[in-house]
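Residue numbers (the working numbering), protein chains in the order written: chain A, 5 to 379; chain B, 5 to 379.
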């Protein structure tokens, strides 16, 4: 198992990650407190929380305690533009949108367009510029409040960010970066510096508003090394330690572990811009099945939903617990075939994507509203 | 002997530096060509060139060849604001002013206000902001053409510079930076990245004007490691390799070698804001003398101007060769006493500083004209 912000491989043991990274399990008392706030807005506890897809955190209690006192946090998440958006990317954003809705707070969304440029040999800044725009459409399409959501793009907002980044950078040695990210001496000096830029949005609103504001970062667990390093530094600059809430990876269509990553299997990745036919073809061809070798065997012994990727994906995208439970049992009993299970996922995704793609088109007119204006 | 952009110590052997750094000696044929251009403007060859205080270069022939073809270069130099300006800082700027005058070219003047912040534990960004302004006054006071001179301040112009810096940074490994600057693993990641920001002004005008423009950097030799590294990278980004013309250090008042550095002996440093009394006191107290122990001995055997700091300083600031030669011989013969020699330097500096301080006051109204406007 390898989990860094730039590489996730092997079978992921999330309990081991909790120990290695030093994060805390998201326990029921915290979920209850979030659920209480959701209820006030007429919403249930989000299925990504109910199902512990968001499974870990740092300082969530602090965030909720402060909120109870009237000290509202802001949300911060991001996307390093290096390709089109796929379904895995949406997971933390979906929860972020939910958290914005129930807590009615600001979101600062970072597009670190230099990150993948610095880490990927062949990626150009023209590529990242194109993908920044493409990725923005997907984020806007999820329905974030334009009045409370600010996009910051590292190369575009460096005039604001660089001065803050050097304050962070001054307090991080190469040794520390090396230990956290596994760098060696062949690493380029931009990549080494980069983590300082990723730290900035966690306190930039406090700088701009000239008061300490708590920060909550929903993100996939692979980004934790950045915040593990910056959490040691940021309080020394006079700000709160950023808190975080961390999710598992949407598994690769073709694998039983790890993260869905375009660098691993591009052809087996479902993009938000895929047509219904493409979605159908990819899932039928690549989604690893927990079914038996023959229909007869399957009917007799049933399938294994715990390793079936289509079922796993439904735990991420099917909100209805009862539907999901029925699918689980029907598949386990053999009543539901692997083909039928795939068909359920295909339909679910295509319904979502049809609506998403419509909103994505409408988003083209809205980009400018979301980009943070420095003057 | 140690010469890095952040530390100069020991007795400097300039011939050894030429070999170690791989720069070229500034030979007579190059000086002749510069002198020819000077003559066209009714000016002599600058005494800093005549006396080989500027003693080394990289690619000066290329710069002059291109100029002859009508392809005019721009000048780039800088000042990392970490304290008040002292006489040593003025040396490269005086030649830069002269080169702007005789070649009638643009100057891009960088204030890398993050540099010393990143390299000096106790320096704050409030300090560097204050010194940036103070240092700007000295540069303006030297008479640079406001229409052809652009100040860029790293934290202020990062919106323009960071995107270019990451292109450079991607092509410099930690190993390379380590070898050039002597970094170890305790170095902070901002300091490691910094050299990429220092590279940017050498091609920024080419980016802004969308054509390849040659760049000439007058600087003290200790800055060479930055450009040695970036010269390997910049052509790969589609720009000319920056050329440079490099000077010796104004020696410390109290020493016989090395660079005048405020970090070594602050009390023995002459600042551009010093009063005539302070200048007098510091030179009388600290300027190392090449004279004999008693007046009688001095009259009999004469002094040694080659190790006398007051005489050495006059080679930097007394433009008149004949006057200087007379001082040399009178001191060597014992006709001129050490006290009298010091008095000559004191008078020379105080005349210069009186005028400089007047212009420095007037410069306060001009700062805004010099700062490069990005929009």
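We put the beta carbon where it would ideally sit given N, CA and C, even for glycine. Bear in mind that the values here come from a model prediction, so they are computed numbers and not experimental data.
What does residue i reach in chain A if we use C-beta pairs closer than 8 Å?
{"i": "residue 313 (chain B)", "result": "None at all; the shortest Cβ gap to chain A is about 36 Å."}
{"i": "residue 179 (chain B)", "result": "189 and 190"}
{"i": "residue 182 (chain B)", "result": "189"}
Could you list which residues in chain A have their beta carbon closer than 9 Å to that of residue i, in chain order?
{"i": "residue 355 (chain B)", "result": "Ordered by position in chain A, no residue passes the 9 Å Cβ test against residue 355 (chain B), which lies about 40 Å from the chain."}
{"i": "residue 84 (chain B)", "result": "In chain order: nothing, as chain A lies at least about 13 Å away."}
Taking all protein chains shown into account, decide if residue i is buried (16 or more other Cβ within 10 angstroms of its Cβ) or exposed.
{"i": "residue 302 (chain A)", "result": "buried"}
{"i": "residue 306 (chain B)", "result": "buried"}
{"i": "residue 158 (chain A)", "result": "buried"}
{"i": "residue 128 (chain A)", "result": "exposed"}
{"i": "residue 192 (chain B)", "result": "buried"}
{"i": "residue 256 (chain B)", "result": "buried"}
{"i": "residue 355 (chain B)", "result": "exposed"}
{"i": "residue 281 (chain A)", "result": "exposed"}
{"i": "residue 366 (chain B)", "result": "exposed"}
{"i": "residue 345 (chain A)", "result": "buried"}
{"i": "residue 96 (chain A)", "result": "buried"}
{"i": "residue 137 (chain B)", "result": "exposed"}
{"i": "residue 117 (chain B)", "result": "buried"}
{"i": "residue 188 (chain B)", "result": "exposed"}
{"i": "residue 167 (chain B)", "result": "buried"}
{"i": "residue 36 (chain A)", "result": "exposed"}
{"i": "residue 74 (chain A)", "result": "exposed"}
{"i": "residue 295 (chain B)", "result": "buried"}
{"i": "residue 314 (chain B)", "result": "buried"}
{"i": "residue 299 (chain B)", "result": "exposed"}
{"i": "residue 110 (chain B)", "result": "buried"}
Interface residues of chain B around residue i at Cβ under 7 Å?
{"i": "residue 163 (chain A)", "result": "162 and 163"}
Along chain B, which residues have their Cβ under 9 Å away from the Cβ of residue i?
{"i": "residue 206 (chain A)", "result": "Within chain B, no residue comes near residue 206 (chain A); the closest Cβ sits about 17 Å away, beyond 9 Å."}
{"i": "residue 122 (chain A)", "result": "170, 173 and 174"}
Is DSSP giving residue i helix, strand or coil here?
{"i": "residue 210 (chain B)", "result": "helix"}
{"i": "residue 247 (chain A)", "result": "strand"}
{"i": "residue 77 (chain B)", "result": "coil"}
{"i": "residue 293 (chain A)", "result": "coil"}
{"i": "residue 273 (chain B)", "result": "coil"}
{"i": "residue 62 (chain B)", "result": "strand"}
{"i": "residue 222 (chain A)", "result": "strand"}
{"i": "residue 308 (chain A)", "result": "coil"}
{"i": "residue 167 (chain A)", "result": "helix"}
{"i": "residue 216 (chain A)", "result": "coil"}
{"i": "residue 375 (chain A)", "result": "strand"}
{"i": "residue 343 (chain B)", "result": "helix"}
{"i": "residue 39 (chain A)", "result": "helix"}
{"i": "residue 50 (chain A)", "result": "coil"}
{"i": "residue 93 (chain A)", "result": "helix"}
{"i": "residue 28 (chain A)", "result": "strand"}
Which bits of chain B does residue i rub up against, with CB to CB less than 8 Å?
{"i": "residue 185 (chain A)", "result": "In chain order: nothing, as chain B lies at least about 11 Å away."}
{"i": "residue 167 (chain A)", "result": "118, 129, 159 and 162"}
{"i": "residue 197 (chain A)", "result": "173, 193, 194, 196 and 197"}
Whose C-alpha, out of the options, is nearest the C-alpha of residue i?
{"i": "residue 47 (chain B)", "options": "B:323, B:15 and B:377", "result": "B:323"}
{"i": "residue 238 (chain B)", "options": "B:175, B:64, B:183 and B:181", "result": "B:175"}
{"i": "residue 125 (chain A)", "options": "A:144, A:194 and A:344", "result": "A:194"}
{"i": "residue 115 (chain B)", "options": "B:184, B:83 and B:338", "result": "B:83"}
{"i": "residue 41 (chain B)", "options": "B:102, B:79, B:97 and B:6", "result": "B:102"}
{"i": "residue 214 (chain B)", "options": "B:244, B:31 and B:290", "result": "B:244"}
{"i": "residue 120 (chain A)", "options": "A:181, A:196 and A:53", "result": "A:196"}
{"i": "residue 373 (chain B)", "options": "B:39, B:96, B:148 and B:5", "result": "B:148"}
{"i": "residue 223 (chain A)", "options": "A:229, A:50 and A:249", "result": "A:249"}
{"i": "residue 133 (chain A)", "options": "A:171, A:177, A:87 and A:92", "result": "A:87"}
{"i": "residue 56 (chain A)", "options": "A:66, A:20 and A:32", "result": "A:32"}
DSSP has residue i in a bridge; who is on the other side?
{"i": "residue 154 (chain B)", "result": "B:112"}
{"i": "residue 7 (chain A)", "result": "A:12"}
{"i": "residue 177 (chain B)", "result": "A:192"}
{"i": "residue 186 (chain B)", "result": "Answer is none; residue 186 (chain B) lacks a bridge partner."}
{"i": "residue 82 (chain A)", "result": "A:114"}
Using a cut-off of 7 Å between C-beta atoms, extract the partners of residue i located in chain A.
{"i": "residue 200 (chain B)", "result": "193 and 194"}
Does any C-beta atom of chain D lie closer than 8 Å to the C-beta of residue i?
{"i": "residue 5 (chain A)", "result": "Of the protein chains in the structure, A and B, none is chain D."}
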